[in-house]
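Engineer: Once you've had a glance at the structure underneath, I'll fire off some questions.
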DNA sequence: ATCCTCCCCTAC
DNA sequence: TAAGGTAGGGGAGGAT
Ligand SMILES: Nc1ccn([C@H]2C[C@H](O)[C@@H](COP(=O)(O)OP(=O)(O)OP(=O)(O)O)O2)c(=O)n1
Ligand SMILES: [Mg+2]
Ligand SMILES: [Mg+2]
Ligand SMILES: [Mg+2]
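In our numbering, the protein residues as written are 690 to 1637.
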């Protein structure tokens, strides 16, 4: 609670504190004196939309009977009370908690907590998981929080702070604000179906929500970022936790005596959670401990051995094709078995994300199909995913380690390398004593076991972890390394998978001992230079790689190879646009720009059956990739989308043959140290820089120091007022107005071309389509024709150059939102030149373009200025007073949406929104004696935790 | 030589 | 039914 004053948070103290205490007081005052029973003790509800009794009434009932009323949905909200909800929204929700208001009434009437199931609104529920939101704070989970140290150290504070702000990938950010005038349209609660194929607009969300691989990838990337931020925030401060541990160890007489004389030795630790998903899952299924368990989407049991299979799917054929194509996989045990048994009739092809060690004893492995696993172990129990839980435990793991050292190389959400040399040096403690303590701490906090290996390089540390698992630790001495390695199979080496193992096997090498006997040259012939070098060293236990603490991202992508079934180009195009939006928002999230766009396609192999064995799977496919080098790096959605569509068209594949689509952005520009000082000023100066190296003579009107002047004058340096001033000023000061109008008219003309109309079609020269090259495999060497195509593309690029230049350059120097806003104001001024404006500034929302303005504000300001928040609030208030409730609703809805999508992790923005919203609610209450129903507020655990 | 594009491979 | 993503390393072969 005391850690809100980092990163400009404190600016928010006032707003935020006010809100917090108000809410708390409200509740405390309302709940205590009037309580009649404890009927709803421990039960919380959130009212979504219009209900009978009303939300207010339900709130009163809950309070009177000891329950909790949530003003917005939280992760731990027990029930959502609703009467009917729009279909679209229902799909995004966990319908198993949505019940009718009547339940509350009936409970009170009978004075007991009734079974809620008869009151479920949606009975054909799907158990979907919320899609990962990395930036969401820890939820108030007792297993995690109760056991953390009572006193909050400084690092602790930073940890908690940063935990909120790390990169995210939330997947449920559309605002749910009920229309004020909502005469709730007729909905069909039971028509709610899951999005089966990518044709359904909800598919992308639904898929990502449920994709384990998406979740672990996102988490992994998040933790790499997290480590960077922790390190940057930490500076040279001491690690408080080290001192505590030292005291503890002194008390227990566990410090090594002679250590001070030892030559400093390097200690690399590798730490990894044991069967991560399973361990997390078992926390809520304690009865299943000790049994063979798997985490999977499939329910398991008999259902999984008698799964419905599409009548036109042919598992036998697919199995054989797979065998032909991926011969090398048949020598990989897991995959070979997957082929041999997995494709048997009616066996579930759902993958096991993680299985318990009891299951492993029966031969079950991570990644195996459920059907096959059930053959190995018919009593295998399955448990569902708990993505939120993985996030929490992963944070706990990282945070625990981070309190001792930040020499951490993040590997994945359940795994990292740590250089312990420093800590050990300071603590003068034996390595394994330290590791024991650390692991115990992780276990205490997470209730999940982990294992750790220590050695003097990463490879051996990994090997040591393998030896240690499960729930153990191991120190691998370098002297023993070569001998130990000799006993190992090849594929246990990191970087050696089924293909390389296969190649080596073909060459007569079947384990590390064999490879140790082989010359470097021979390995090079087999595997290429780099792999040979690595393998040559690794099989001897040598690994010179340093730990990389701050990992710099090199690319970003979004890919879906599941549920891709299109019949028309329009469907495909719609999906491509969605997917472009997805990568784009990820790109924005990391605040970078990309210079290269790659479209990756999975296309049904000619021989492969149209219906895949795995439900909605990609089956056997050929992969194709096509990339485009931009003239300049971009983060413009429209531009990216257009290029993606262009690449797609070039590919020429029929939509119905596609089985997977991915968009990759690479050649990212350098990271900018976010000096969010005054973005708008940067924009102005960028324009003038551009001006210099451009030979076109655009009259530049705003001297760089103009905004500076404004800054000085208008006591607030915020974007909003700057924008407003720029606009107003143009009205009151004709000279300035001329200049500004002049300038923006020029740029606006160019940009309206670029943003509203698609680029002109390229000259119609025959270009061999990408698919042509691919489909007529027999005709041409693909490489030749591809090269030809590439050449062709480049030429076309050059032909478009002049137009393209504008299209690419303009949007990134000045945000279209901003010039549209300003231009519009100026245009209006031109059209109806000017009654002298009174002192009172015009309401921002009078401008038809207010949405852009809002969006720009949210996007450009890392931390919203109180002045701006106030301004927005006052402006909306005006509308309320003016009884323009439709507009108020519209604004709030949009604002909420923007904050949620653009500022997922920024609690100061969440609070800004909440602040405005609650104040507006009050105003509405006061003036109109009614309430704007908001279905879902900003959904962020961190903010919530402040209030509870 | 060195770069680039289009792959393939691996890991979680 | 099922949710087969994502990032990085690196090789082959052509362009420069
Ligand atoms: N094919 C795979 C491999 C892993 N994972 C997920 C689930 C795992 O729990 C998590 C961590 O992967 P690990 O390789 O660390 O495997 P486990 O933690 O499950 O087991 P171990 O005890 O071997 O580390 O990643 C997955 O979804 N699919
Ligand atoms: Mg693990
Ligand atoms: Mg792991
Ligand atoms: Mg391996």
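Even for Gly, the Cβ is constructed at its ideal location relative to N, Cα and C.
How far does the beta strand (DSSP E) with residue 983 in it reach, from first residue to last?
Structural biologist: 982-984
Engineer: Tell me whether the beta-carbon of residue 931 lies closer than 7 Å to the beta-carbon of residue 1212.
Structural biologist: no
Engineer: Can you have a look at residue 1293 and say buried or exposed, based on whether 16 or more other CB atoms are within 10 angstroms of its CB?
Structural biologist: buried
Engineer: How do the stretch 1275-1285 and the stretch 977-988 stand: do at least 3 beta-carbon pairs fall below 8 Å, yes or no?
Structural biologist: The stretch 1275-1285 is not in contact with the stretch 977-988.
Engineer: Find out if the Cβ-Cβ distance for the pair residue 787, residue 735 is shorter than 7 Å.
Structural biologist: no
Engineer: Rank 1173, 1113, 1010 and 1141 by C-alpha distance to the C-alpha of residue 1295 and give the top, closest one.
Structural biologist: For residue 1295, the closest alpha carbon among the candidates 1173, 1113, 1010 and 1141 is that of 1010.
Engineer: Can you check which of these residues, 1577, 1163, 1225 and 1627, is closest to residue 1612 by C-alpha distance?
Structural biologist: 1577
Engineer: Counting C-beta neighbours from all protein chains within 10 Å, is the total for residue 919 16 or more, i.e. buried, or is it exposed?
Structural biologist: buried
Engineer: DSSP three-state call for residue 1040: helix, strand or coil?
Structural biologist: strand
Engineer: Would you mind reading off the limits of the beta strand (DSSP E) that contains residue 1305?
Structural biologist: Counted as a single uninterrupted DSSP element, the stretch harbouring residue 1305 is not any beta strand (DSSP E), since DSSP gives it neither H nor E.
Engineer: According to DSSP, residue 1293 sits in a beta bridge with which residue or residues?
Structural biologist: BP columns for residue 1293 point to 1310.
Engineer: Report the rounded CA-to-CA distance for residue 1005 versus residue 1586, giving the unit in angstroms.
Structural biologist: 48 Å
Engineer: In the DSSP assignment, find the alpha helix (DSSP H) that holds residue 745 and state where it starts and stops.
Structural biologist: 744-753
Engineer: Indicate the three-state DSSP secondary structure (helix, strand or coil) for residue 1011 in the structure shown.
Structural biologist: helix
Engineer: Using a Cβ-Cβ cutoff of less than 6 Å, which residues in the same chain neighbour residue 1039 once the five nearest sequence positions on both sides are dropped?
Structural biologist: 985, 986, 987 and 1059, listed in sequence order.
Engineer: What runs of the beta strand (DSSP E), each 3 residues or longer, lie entirely inside the stretch 1114-1171?
Structural biologist: 1139-1144 and 1162-1164
Engineer: Have a look at residue 1147 and residue 1098 and give me their C-alpha separation to the nearest angstrom.
Structural biologist: About 10 Å.
Engineer: Return the Cβ separation of residue 1344 and residue 1289 in integer angstroms, given the expectation that the two are a contact with Cβ distance under 8 Å.
Structural biologist: With a Cβ gap of about 16 Å, residue 1344 and residue 1289 do not count as contacting.
Engineer: For residue 1103, is the classification buried or exposed, using 16 other Cβ atoms within 10 angstroms of its Cβ as the cut-off for buried?
Structural biologist: Per the 10 Å Cβ criterion, buried.
Engineer: For residue 1076 and residue 1041, I'd like the C-alpha separation in whole angstroms.
Structural biologist: 15 Å
Engineer: Nearest-angstrom Cα distance between residue 916 and residue 1052?
Structural biologist: 36 Å
Engineer: In the stretch 1550-1625, which residue ranges form an unbroken beta strand (DSSP E) of at least 3 residues, counting only runs that do not cross its ends?
Structural biologist: 1623-1625
Engineer: Would you say residue 1103 touches ligand 2, meaning its beta carbon is less than 6 Å from a heavy atom?
Structural biologist: Yes, Cβ of residue 1103 sits closer than 6 Å to a heavy atom of ligand 2.
Engineer: Per DSSP, residue 1351 is paired with what?
Structural biologist: 1248 and 1289
Engineer: With a threshold of 6 Å, establish whether the CB of residue 1053 neighbours any heavy atom of ligand 1.
Structural biologist: no
Engineer: Flag residue 961 as yes when its Cβ comes closer than 6 Å to any non-hydrogen atom of ligand 4, and as no otherwise.
Structural biologist: no
Engineer: Here's a check: name, in chain order, each residue in its chain whose Cβ is nearer than 6 Å to the Cβ of residue 1311, leaving out the five neighbours to either side.
Structural biologist: 1292 and 1294
Engineer: Any idea what DSSP makes of residue 1329, helix, strand or coil?
Structural biologist: helix
Engineer: Return yes when at least one heavy atom of ligand 1 lies under 6 Å from the C-beta of residue 1080, else no.
Structural biologist: no
Engineer: Under 7 Å between the Cβ atoms of residue 1143 and residue 1164?
Structural biologist: yes
Engineer: Do residue 912 and ligand 2 come close, with the Cβ less than 6 Å from some heavy atom?
Structural biologist: no
Engineer: Check the C-beta distance from residue 888 over to residue 1328 and give it rounded, since I have them as a contact under 8 Å.
Structural biologist: About 26 Å separates the two Cβ atoms, so there is no contact after all.
Engineer: Under 7 Å, do residue 958 and residue 1109 count as touching if we go by C-beta distance?
Structural biologist: yes
Engineer: Is the beta carbon of residue 1043 within less than 6 Å of some heavy atom of ligand 1?
Structural biologist: yes
Engineer: Using a Cβ-based criterion (distance less than 6 Å to any ligand heavy atom), does residue 1639 qualify as near ligand 1?
Structural biologist: Outside the modelled stretch of the chain, which goes from 690 to 1637, sits residue 1639, for which no answer is possible.
Engineer: Kindly give me the distance between the Cβ atoms of residue 1243 and residue 1215, rounded to whole angstroms, as I take these residues to be in contact under 8 Å.
Structural biologist: Their Cβ separation, rounded to whole angstroms, is 28 Å, which puts residue 1243 and residue 1215 out of contact at 8 Å.
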